[in-house]
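Residue numbers (my numbering): 824 to 1315. For glycine and all other residues, C-beta sits at the position ideal for the given N, C-alpha and C. All of these numbers come straight from a predicted model, not from anything done at the bench. One structure below.
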Amino acid sequence: MAQPVRVRFAPSPTGSPHVGNIRTAIFDYLMARHYGGTFVLRIEDTDLARKVDGAVEDIMDALRWVGIDWDEGPEVGGDYGPYFQSQRLPLYTEAARRLVEQGDAYCCYCSPERLEVMRKEKAALKQSTGYDRHCRELNPQERAQKEAEGITPVVRFKVPLEGHTDFIDLIYGDVSFDHATIDDFVMLKSDGYPTYHLANVVDDAAMKITHVIRAEEWISSTPRHLLIYRALGLEPPQFVHHPLIVGPDRAKLSKRHADVSLLDYRAHGYLPETMLNFLSLIGWSLDDKTEIMNRQELIDYFSLDRIGRTGAIFNRDKLDWMNGVYIRGLSVEDLTSRVLPFLEKGLPEEVKRPVDIGYVRQMMPLVQERINILENAATYADFFFVDELEYETAMLVGKKMTPETALAALKAAGERLSSLNKFDHNLLEDTLRHLAGDLEIKTGQLFSLLRVATTGRNATPPLFETMAVLGKERCMKRIKAAITRLETSKGL
RNA sequence: GGCGCAUUCGUCUAGCGGUUAGGACACCUCCCUCUCAAGGAGGAGAUCGCGGGUUCGAAUCCCGCAUGCGCUACCA
């Protein structure tokens, strides 16, 4: 790179941070960190109508959660601020004024109603629905007339009628657009705010952005931006368009495709390291085998030329798998503190709060390799916490067992276990294996029975470890309850 | 309708003129095993959208077509 890399992530605060946008931010971030450049966060709040309260905070929250920090932008400042477009209005109006003055733009007095009618008419004639340039050649008297009527105009760019604008996209290669297909787009709205087209050009130039990294949906408007750069006598940056994240139907990922906000994933218990890794891999790959990469590795290995060109479906199954990989890689202490909030929230109401962290720490090794998503810990491990187990009594009677043999085995187990002075899993295993032998039933039969009796489940972590964590008191109580169940429910 | 971009297993992808088209997720089988996971070993799964070229040779280069997606707002 000839000059120091300066990239920006420029979200519009119109809602919760979309994973697609965060993925763009990740590319920006990796690019900046890889080349030792600067990562700028700029808020494009030029649409008053769509602005959502709290969206800026959510975006920053999401970025910080996945570990993306910005060198310039809100809360950190920088030499090219302010970093909110709503605070840079004079820059845009001045640029628009200049363009009008030099004949590259003009004021348009058309009402939204007229534009709508025009579009309908053109659509009916199967023509492109772009602006018909009605106000492009108004004479001075006509303009004065419109002004006198009190109409606040918008400013449109005067797109050349002939020729074409070409550019080299670092991902897609040569791209060309005929000017005849570009209409005179609005740069400055009647409320005095700029549109994206004007604002992003003015700011990218002012902030000395070297690479504009954004989603493929922007390719079509890039020639407009280039036209503005040229008219303003500014050097355009390099353009890097990357493919979209799409839903299962291959349409741009949106709300109807379920979870679309990064914060939703946090709420469900996906780890930030998972999201960073997974999102990096949508549309980018290192090679034919490396998938699990931490932040530093992603930074070290990232390069634009390995970004692909085709939209990718957000593969939730693979995300779940990857999250499991990261969960299994956590220390018990770390996992405990991350799981705790999900237990507090997801455990049945009857379980008293706060949840005992020491107890949680003990059970973590048992659930660690059995959950992929933190919130699942609550449903997976609720039997560790509840007082009354809920299960069908018939579950106690396993394969090749009868209510009678099950009852006898349970009573025998209860007796042997009650004499144990410590509930260590090795001791439990030793004791119960012997018991199975004495009872002349298979170990699996006994263990399954005890599993149901102590947990109410058929599938749990290893029985002895589980019983050890539950502790003698809970186990004995549950075995007694199971005995009572078998004694009182005849005819199984 | 116009313009643009894209097209390799179900999904994410590797591949950048010569490979038995590789890997991962999901799926199936087996092993491990007290159940469930995790882990290990296998398996199935892609005539590389279609049709023409170029070339000794094409998933790879070129041209058509088809399909999909994106843009087509005083939204970004």
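Any chance the region 1217-1233 sits against the region 1270-1280, with 3 or more Cβ pairs inside 8 Å? yes
Which residue marks the beginning of the beta strand (DSSP E) containing residue 1063, and which one marks its end? Indexing the first sequence from 1 puts residue 1063 at position 240. Looking at the DSSP string, the run of the beta strand (DSSP E) that includes residue 1063 is 1061-1065.
Backbone secondary structure at residue 1236 - three-state DSSP: Position 413 of the first sequence, counting from 1, holds the residue named residue 1236. In this structure, residue 1236 counts as helix in the three-state DSSP scheme.
Same chain, Cβ closer than 7 Å to residue 905, five either side skipped, listed in chain order: Position 82 of the first sequence, counting from 1, holds the residue named residue 905. Only 911 meet the Cβ criterion.
Nearest-angstrom Cα distance between residue 1267 and residue 1077? Counting from 1 along the first sequence, the entry for residue 1267 is found at position 444. Counting from 1 along the first sequence, the entry for residue 1077 is found at position 254. Looking at the two C-alpha atoms, the distance is approximately 49 Å.
Among 844, 1016, 1190 and 927, nearest to residue 868 - alpha-carbon criterion: As a working note, residue 868 is residue 45 in the first sequence. Of the candidates 844, 1016, 1190 and 927, the one whose C-alpha sits nearest the C-alpha of residue 868 is 1016.
So, with DSSP's three-state summary, where would you put residue 1330? As displayed, the chain neither begins before 824 nor continues past 1315, which places residue 1330 out of reach and without an answer.
Residues sharing a beta bridge with residue 1017, DSSP: Within the first sequence, the letter at position 194 stands for residue 1017. Looking at the DSSP assignment, residue 1017 forms a beta bridge with 1011.
Among 1254, 986, 956 and 827, whose alpha-carbon lies nearest the alpha-carbon of residue 931? On the first sequence, position 108 is the one that residue 931 refers to. Comparing Cα-Cα distances from residue 931 to each of 1254, 986, 956 and 827, the minimum goes to 956.
Those runs of the alpha helix (DSSP H) which lie wholly inside the region 867-929 and span at least 4 residues: 878-888 and 912-924
Taking its Cβ as the centre, do 16 or more other Cβ atoms sit within 10 Å of residue 872, making it buried, or is it exposed? Here residue 872 refers to the residue found at position 49 when the first sequence is read from its first residue. Its Cβ having fewer than 16 others within 10 Å, residue 872 is exposed.
Suppose you measure from the CA of residue 826 to the CA of residue 843; what does that come to, to the nearest Å? Position 3 of the first sequence holds residue 826. Position 20 of the first sequence holds residue 843. Distance between the alpha carbons of residue 826 and residue 843 is about 28 Å.
Since residue 1012 and residue 1018 are thought to touch, with beta carbons under 8 Å apart, how far apart are those beta carbons, to the nearest angstrom? Numbered from its first residue, the first sequence carries residue 1012 at position 189. Numbered from its first residue, the first sequence carries residue 1018 at position 195. Indeed, because the Cβ distance is near 6 Å, the residues count as touching under 8 Å.
List the residues that DSSP assigns as beta-bridge partners of residue 996. On the first sequence, residue 996 is found 173 positions in, with the first residue counted as 1. Looking at the DSSP assignment, residue 996 forms a beta bridge with 992.
For a test of the three-state rule: what should DSSP assign to residue 1295, helix, strand or coil? Along the first sequence, read from residue 1 onward, the residue named residue 1295 stands at position 472. Helix at residue 1295.
Looking at the secondary structure, which residues open and close the alpha helix (DSSP H) in which residue 1208 lies? Along the first sequence, one-based indexing puts residue 1208 at 385. Where residue 1208 is concerned, there is no enclosing alpha helix (DSSP H), given that its DSSP letter is neither H nor E.
So for residue 857, helix, strand or coil by DSSP? If you number the first sequence from 1, residue 857 lands on position 34. Residue 857 falls in the helix class under three-state DSSP.
Simplified DSSP state of residue 1160, which is helix, strand or coil: The residue given as residue 1160 occupies position 337 in the first sequence. Helix.
Boundaries of the alpha helix (DSSP H) in which residue 1101 is found, first to last residue: Residue 1101 sits at position 278 when you count from the first residue of the first sequence. First-last of the alpha helix (DSSP H) with residue 1101: 1095-1103.
Taking the beta carbon of residue 1066 as the centre, do at least 16 other beta carbons fall within 10 Å, making it buried, or is it exposed? Here residue 1066 corresponds to residue number 243 of the first sequence, with the count starting at 1. Flag for residue 1066 reads buried.
Measure the C-alpha to C-alpha separation of residue 1295 and residue 1226 and round it to an integer number of angstroms. What you label residue 1295 is simply residue 472 of the first sequence in a count that begins at 1. What you label residue 1226 is simply residue 403 of the first sequence in a count that begins at 1. Each residue's Cα considered, the two are about 24 Å apart.
DSSP-derived helix/strand/coil call for residue 1112: Working through the first sequence from its first residue, we reach residue 1112 at position 289. Coil at residue 1112, not helix or strand.
Name the DSSP beta bridge partners of residue 980, please? Walking along the first sequence from the start, residue 980 turns up at place 157. In DSSP, residue 980 forms a bridge with 928.
Between the C-alpha atoms of residue 831 and residue 1098, what's the straight-line distance to the nearest angstrom? As a position in the first sequence, residue 831 is number 8, starting the count at 1. As a position in the first sequence, residue 1098 is number 275, starting the count at 1. C-alpha separation (whole angstroms): 20 Å.
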